[in-house]
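For reference, the structure discussed in these notes is given below.
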Ligand SMILES: Cc1ncc(C[n+]2csc(CCOP(=O)(O)OP(=O)(O)O)c2C)c(N)n1
Ligand SMILES: Cc1ncc(C[n+]2csc(CCOP(=O)(O)OP(=O)(O)O)c2C)c(N)n1
Ligand SMILES: [Mg+2]
Ligand SMILES: [Mg+2]
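Protein chains in written order, with our numbering: chain A, 4 to 330; chain B, 4 to 330; chain C, 67 to 413; chain D, 67 to 413.
As structure tokens, this is what we get:
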């Protein structure tokens, strides 16, 4: 079997599920003939036709809103926002309607929508093309927020997201779209939407991360293990909402130390929620203050400076070393 | 001098500053002849005329966007969103432009806008009229977020917000609009936009809160002090962004205990940021895990149940007692 | 402005087939019901039994005609003032009261129904409606969507985005704008410089026209026509119904702050019930006696609904968790338990 | 479609006053500059010296005519493809390169200027522009705003909200839509069912018309007219300029995936530079020799800008903090220090 990239895994999941389930429709800008600007929907227009793969007019509020209307009729729309930075005008529909339709109608109508968007920085894109504002969605009751960090998890989590009867924000770390490949059997096997993934076991420090930062975190963990004998447990949160704190707390109770790494701005980022939970539920296990390594509380700079904005392997290694020395 | 309500204090601040500064314009829905649905702009249309007090067409994205354009020309727009629940379609302009204009142009253009909105629950309003999603703004670099909790602070902080050369989200706890009165001298004296207010000194527990919950927190603190000899230090955060963690940490280093109380949903609320900071910077002072008393991670229910959603005096008292017993 | 019955109760063109005497009596009766219901609801608000309520006065013909124009299998996407239409869609009065009385049961509707719940953020329902219309079109069903909105709502981007999509995808949808001349305190001429709202459809490349929204016959007839067109693949229509808000915006509003009393008095001359009553009386189909019976029958029905509303059990606090997700995430199960505990402690 | 010079280089109506031979030479020269600049920028991208770039090919007449129509005191609110106009507004080429080269210095513009920076979220600039126009109107200045947008952008709510406000507030603003037939891969007929984009102004109650966006004379003339109207209290105008995107959407795009080569070949027949060259040659104002000199002069100027761009210092990492707020909050001062430290450590 051929190894595939993360974006190919997204395509494979869409293809698999569209073949299995007639009610799925895709919609977005440039997703039909063009196959999406990142080619996530490549060939699906040819395969499933113009009634199931819809190029919409250019309007994000519209994309979000019509998807909800479609879903209320039993379709399962998978809507693509071309970049996460263009999702903001769709907020009203996501917050006011998608997240609430089931609750508001006491289950009379439901909203099985998946909102996909490429997210995060690191590809030298223009302004607004490198956003990582997952925390905004994580604060909204009624939503689920999912972020895969490997081809296999992209495949399994996207299948789960589509099958889930409630709205899911599915953010795809675009820096990883083509960074590495994996063999991903096209078996239609979904992954759970409510638990973290332990990517590496370790006893000294728990490194909690998601999205593209999983990549740097794994490199740092390997380096720490190999060169300094510091054994990190690496957790890919993957399902940002609901947050599987049990697994994280369990790990921190074992290691006594925790570093949370994310690309988004620090203030009120998802890292804060994790750290707050640790302060509430694992206080007595902590051997050192919980650290967050995050993007700065600045606007993601134009691309010349983006590498300075994003957490680096060095910084993770350095923070881990300091933490081991804390007494 | 006559004591005034919080909403009257807002009006007084607008009136004072509009008299002093020609460049201020007000805009929003129903703010002119009608004086705003809460009467925050009462009489200002008559006093300052149709060129400075503008009823806009009904469109929040528009209100947010034109305010930025006005500001770039040196006007100082104070825009009202009728309720915070209708601000979401304005997110794109607030996030993509208001917060970035100065940075993007390296200071060539600036954005001295104040976005006001009544916020929070507790007045038996219809759906979408009881939102408290301040955390969403707190995550956005380039913004300031201010929430007064008394007539005097509404007056002083609103003056400061208007005078500040950068965009400010100014959220007015509508439950407090007419709940109590204070004498507020109309001296034009602004309050600082970067520090908390200690409303009550105490040695046992630090209670950190803002907005309408200041009211319940003060009642709880009094009750705890009078009936059980538990002395709470009550901090009104007031300026949610930037967050004055120094004052909070200082207090917690003294008391060793902290309860954070807010009305907004718990997950990724501003309380998480405060707790995370305490876990990072005051870990060794903590005698008990930091607690958050917040709204649930549910949609603010229609008004029959809103009292069950919001933190109560009882719950604060109860949590404080438990915390004192923690060993 | 398309019309059959003018404000003097005189015909301005031949009546359409639907306007049989019995049907006109039905329409009249529906309007009376709505009017009495609204008075009662305002009363409930004044007596502290409801928090806010947006009355229908002056727009009864629109709400009723729209309801009667739709078929059961069509889908209605209402705005917050549309309870008159919702009642004809089968939503019990008690549910309308529940909705404005702060209980989600009101949005459940209590019946099997695919209509959207009341949508508070202005004009957002129009995009939901376009999505519904696409689902109908994709499945080649002969159903259509009515998407309703106020004049103020036509200033929102969502209005235009929805029209534009409906045009380019030729969706089976009828947009009905209740132009009641006001958006709270903002008069229509402060919303837009376009002479009519109907002409806004030019921007989306399909037909739009004005109807007399105080003429219940015109309302039903032209919406029916547009729905037929939509069901048969003819695409969208924008209908601007001219009405007047003969009341405060809601019970929380005081229109005397901003409204010219003369304008209001003039608008009363065009009120929708009087003209139909005049016409029916003229034709010998209606009498004071019948009016009395109708009123009494309605009062009873409304009183029953009000009693049911007042007697209904308070919702359970945990309800706020129970419809959030199909499966409640474990963290929320804990929160739900904690709510239960707090509730017990405080009770 | 208003036009002076057709694609054969023939006049279709008497030339306006502005079209003196020397001015036509200027316009031609501007277009050549832009075309050469774009080729160079694409080259920089291909050689790894720039990340993404949106070329002007096929739209040079629009960008140049629009720039020449404006007065210095007017305000320009561009979209991301408008660097041709920005150059005429006084923004140095080096700054344009910096912008697309990932450096905020490009949005500073390097000059005193109230024009908006390039606005990436589609159509959002139109609302900023309406706000600018209100400020101008309030202060009773005789200035006006040009707000520019692509055809795809007219599907966004912001477009309509801005038009609607401009109409009802009678703002001094000219909306110029570059209808280059494509929004990335989505053709114009998939954006809207309205026959023209110009007619969308009907929804907002003011004038709209189409111009030949490949005719630089028409572009300058009609935008000037509309600006004069705006400056003199006549309110807004919507101008749809018909062009064609004779290139990929950006350097990141591959138009051959979705574009019919015949359509492209046809569009080349209407290309804006050729017709003006033909006309000028015909009239004896232009020669191959002059073309050569012009090209060389431009190449030099562009090369200088490119060198300056390539040689310019990298921005300092702390820059990301230094323009965020007028006064940096203390928490951010700490973050700035930490960045400095990390930077030193890693360097
Ligand atoms: C997006 C949004 N903004 C503001 C409001 C507050 N609001 C409620 S009704 C209303 C006026 C609506 O006027 P119109 O659309 O004409 O409908 P009408 O009430 O006249 O029937 C406003 C501004 C809202 N519900 N939604
Ligand atoms: C709000 C928003 N959505 C999506 C995009 C991504 N995007 C960039 S250009 C483009 C197409 C724009 O087409 P058009 O407005 O016709 O301008 P053109 O590029 O053809 O000049 C899209 C979808 C964006 N920049 N902003
Ligand atoms: Mg109205
Ligand atoms: Mg285009």
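Glycine is no exception: its CB is placed at the ideal position from the N, C-alpha and C atoms.
Where residue i meets chain B, residues with beta-carbon distance less than 7 angstroms
i, result
"residue 351 of chain D", "Result: empty, since nearest Cβ-Cβ is about 39 angstroms, beyond 7 angstroms."
"residue 175 of chain D", "111"
"residue 95 of chain A", "91, 92"
Beta-carbon proximity of residue i to residue j, cut-off 8 angstroms
i, j, result
"residue 148 of chain D", "residue 121 of chain D", "no"
"residue 372 of chain A", "residue 196 of chain A", "Only positions 4 to 330 of chain A appear in this structure, which leaves residue 372 of chain A out of reach."
"residue 208 of chain B", "residue 233 of chain B", "yes"
"residue 197 of chain C", "residue 73 of chain A", "yes"
"residue 264 of chain A", "residue 302 of chain A", "no"
"residue 259 of chain D", "residue 239 of chain D", "no"
"residue 243 of chain C", "residue 306 of chain C", "yes"
"residue 263 of chain C", "residue 217 of chain C", "yes"
"residue 75 of chain C", "residue 348 of chain C", "yes"
"residue 165 of chain A", "residue 79 of chain A", "yes"
"residue 237 of chain D", "residue 302 of chain D", "yes"
"residue 95 of chain B", "residue 190 of chain D", "yes"
"residue 9 of chain B", "residue 246 of chain B", "no"
"residue 156 of chain C", "residue 177 of chain C", "yes"
Selected residue, minimal CA-CA separation from residue i, among the options
i, options, result
"residue 226 of chain D", "D:212, D:269, D:248", "D:269"
"residue 287 of chain A", "B:280, B:52, B:297, B:330", "B:330"
"residue 241 of chain A", "A:139, A:148, A:225, A:74", "A:148"
"residue 406 of chain A", "A:158, A:228, A:70, A:87", "Outside the shown range of chain A (4 to 330) lies residue 406 of chain A, about which nothing can therefore be said."
"residue 127 of chain C", "C:407, C:322, C:286", "C:286"
"residue 269 of chain A", "D:85, D:394, D:398", "D:398"
"residue 128 of chain B", "C:383, C:396, C:395, C:116", "C:116"
"residue 228 of chain B", "B:210, B:244, B:266", "B:210"
"residue 220 of chain D", "A:306, A:284, A:60, A:44", "A:60"
"residue 277 of chain D", "D:241, D:156, D:352, D:323", "D:241"
"residue 14 of chain A", "A:44, A:48, A:123, A:29", "A:44"
"residue 305 of chain B", "A:36, A:27, A:106", "A:106"
"residue 280 of chain B", "B:309, B:250, B:258, B:296", "B:250"
Cβ distance (whole Å) where residue i is taken to contact residue j below 8 angstroms
i, j, result
"residue 76 of chain B", "residue 125 of chain D", "Incorrect: roughly 28 angstroms between the Cβ atoms, too far for contact."
Neighbour list for residue i in chain D, Cβ cutoff strictly below 7 angstroms
i, result
"residue 37 of chain B", "Ordered by position in chain D, no residue passes the 7 angstroms Cβ test against residue 37 of chain B, which lies about 18 angstroms from the chain."
"residue 62 of chain A", "221, 222, 223"
"residue 296 of chain C", "Ordered by position in chain D, no residue passes the 7 angstroms Cβ test against residue 296 of chain C, which lies about 15 angstroms from the chain."
"residue 266 of chain C", "269"
"residue 24 of chain C", "What is shown of chain C runs 67 to 413, which leaves residue 24 of chain C out entirely."
Contacts of residue i in chain A (Cβ-Cβ under 8 angstroms)
i, result
"residue 386 of chain D", "299, 301, 302, 304, 308, 311, 312"
"residue 180 of chain C", "75, 76, 112"
Contact set between residue i and chain C, taken where Cβ atoms lie within less than 7 angstroms
i, result
"residue 141 of chain D", "What residue 141 of chain D touches in chain C: nothing, since even the nearest Cβ is about 22 angstroms away."
Chain-ordered chain C contacts of residue i [CB-CB under 8 angstroms]
i, result
"residue 245 of chain A", "395, 396, 397, 398"
"residue 20 of chain A", "Residues of chain C passing the Cβ test: none, with the nearest at roughly 17 angstroms."
Residues that residue i contacts on chain D, provided the C-beta gap is smaller than 8 angstroms
i, result
"residue 145 of chain B", "390, 391"
Inset, instruction - For the segment 226-301 of chain B, list the beta strand (DSSP E) runs that are entirely contained and at least 3 residues long, ordered along the chain. - result: If we require 3 residues or more, the beta strand (DSSP E) runs fully inside the segment 226-301 of chain B come out as 235-239, 242-244, 261-268, 294-298.
Inset, instruction - Output the residue ranges of the beta strand (DSSP E) runs that lie fully inside the segment 43-97 of chain A and measure 3 residues or longer, sorted by chain position. - result: 56-58, 79-83
Inset, instruction - Tell me the start and end of each unbroken beta strand (DSSP E) in the segment 181-220 of chain A that is at least 3 residues and wholly inside, in chain order. - result: 200-203, 208-212
Inset, instruction - Output the residue ranges of the beta strand (DSSP E) runs that lie fully inside the segment 115-152 of chain D and measure 3 residues or longer, sorted by chain position. - result: Those beta strand (DSSP E) runs which fall completely within the segment 115-152 of chain D and span 3+ residues are 141-143.
Inset, instruction - Let me know the alpha helix (DSSP H) ranges lying completely inside the segment 93-144 of chain B, each 4 residues or longer, listed in chain order. - result: 104-107, 137-141
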